[in-house]
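**Q**
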Amino acid sequence: MKEITRRKFIATATIATGFALAVQPISAQVISTDAKGLVAGAIKIPVKDGEIPAYRAVPATGKNFPIVLVIQEIFGVHEHIQDITRRFAKLGYLAIAPELFVRQGDVSKLSSIDEIRPIVAKVPDAQVLSDLDATVNWAVKSAKGNADKLAITGFCWGGRITWLYAAHNPKVKAGVAWYGRLVGDTSELTPKHPVDIASALTVPVLGLYGGKDTSIPLDTVKQMRDRLKESSSKSKIIVYPNAPHAFFADYRPSYREKEAKDGWHRLQAWFKQYGV
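If you count by mature numbering (1 follows the signal peptide of the UniProt record, and there is no 0), then the sequence shown holds residues -22 to -1, 1 to 254, one letter each, in order.
#1: Are the Cβ atoms of Tyr157 and Gly137 separated by less than 8 angstroms?
#2: Which term fits Glu237, buried or exposed, when burial requires 16 or more other beta carbons within 10 angstroms of its beta carbon?
#3: Please check the pair Val80 and Arg230, which I expect to be a contact at CB under 8 angstroms, by giving their CB distance rounded to whole angstroms.
#4: Please say whether Leu160 and Ser213 have beta carbons closer to each other than 8 angstroms?
#5: For the structure I just gave you, are there three or more beta carbon pairs, one from the region 96 to 115 and one from the region 197 to 212, closer than 8 angstroms?
#6: Given this structure, state the Cα-to-Cα distance separating Tyr187 from Arg244, to the nearest angstrom.
#7: Below 8 angstroms, how does it come out for the region 78 to 96 and the region 4 to 21: are there three or more Cβ pairs, yes or no?
#8: Excluding the five sequence neighbours on either side, which residues of its own chain have a C-beta within less than 6 angstroms of the C-beta of Ala112, listed in chain order?
#9: Taking C-alpha atoms, which residue in Asn220, Val36 and Arg205 lies nearest to Thr192?
#10: Bridge partners of Phe133, per DSSP?
#11: Take the Cβ of Gly132 as the centre, count every other Cβ of all protein chains shown within 10 Å, and call the residue buried at 16 or more, exposed below.
#12: Can you list, in chain order, the residues of its chain whose CB lies under 6 angstroms from that of Gly(-5), leaving out five sequence neighbours each side?
#13: Provide the residue span of the beta strand (DSSP E) that contains Ala35, from first to last.
#14: Closer than 8 angstroms is the cut-off here; do at least three beta carbon pairs connect the region 111 to 126 with the region 40 to 58?
#15: What does DSSP give as the partner residues of Asn220 in its beta bridges?
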């Protein structure tokens, strides 16, 4: 798939409907959260070079809502990520999931992860962090969000970004990173990884990881824990010994109900502990 030009991405970028093609078939365990009592749907976020699509969910009444950024997996802002934003809105949050790959390609239409990876590999961290700054700005100016109550959570690819954004924006009150990669080779597009920013982190981030995650070796989790001990952030990592990668993804075979529910409860308690 060719990279989308600036003009084209501004004109055609949209939020996916349903689940990403690459994750079919969908598990029977999938959780479905309705939009009753919410304002939920696609929006556009103004960014430096145009607009990016995002999915927003917020209680239908009220104002000054705590903000939570929901960061996508490698599969984009498909139905699972949209459902998570609605779960947050039911808890009283303004939840926003921006589509962070849109300039590089529409991953929702790709049928295999091998097609998706080259697209995602072209996404610069600097672009992502800038887009998230713009998303926060939109939340405060256009959607009754409370700038003093900002949280972030992300899954897989988004788990890594959660660590990085918490380091980038010290105004974040709390973060929860679900099985995000912690180490990696540096490049112009990915100059730092979570382990590189851990010792200087000031924002409290809770990491939720699986002991049987073949893509994130436990020795890298240990490295991250050791670096976090040097920080002032009170961040910590929980490892579920029997959980694989993507144990929160209820639409996939990797889903583990017990660990997913425990992690969701821990997330809520973590946010409340730090005033979000």
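The beta-carbon is built from N, C-alpha and C at its ideal position, and this holds for glycine as well.
**A** Looking at the atomic coordinates:
#1: Contact check for Tyr157 against Gly137 passes: the beta carbons are separated by less than 8 angstroms.
#2: By the 10 Å Cβ count, Glu237 comes out buried.
#3: The C-beta distance from Val80 to Arg230 rounds to 23 angstroms, too long to fall under 8 angstroms, and the pair is not in contact.
#4: The answer is no: Cβ separation not under 8 angstroms.
#5: The region 96 to 115 makes no contact with the region 197 to 212, as fewer than three CB pairs between them are under 8 angstroms.
#6: Rounded to whole angstroms, Tyr187 to Arg244 spans 13 angstroms at the Cα level.
#7: Cβ pair count under 8 angstroms is below three, so no.
#8: Closer than 6 angstroms at Cβ, skipping near neighbours: Ile23 and Val25.
#9: Minimum Cα distance to Thr192 is reached at Asn220.
#10: Answer is Trp156, bridged to Phe133.
#11: Buried is the call here.
#12: Contacts found: Glu57.
#13: In the DSSP annotation of this structure, the continuous segment of the beta strand (DSSP E) that includes Ala35 starts and ends at Gly28 to Pro37.
#14: Flag = yes, the region 111 to 126 and the region 40 to 58 touch.
#15: Bridge partners of Asn220: none, in fact.
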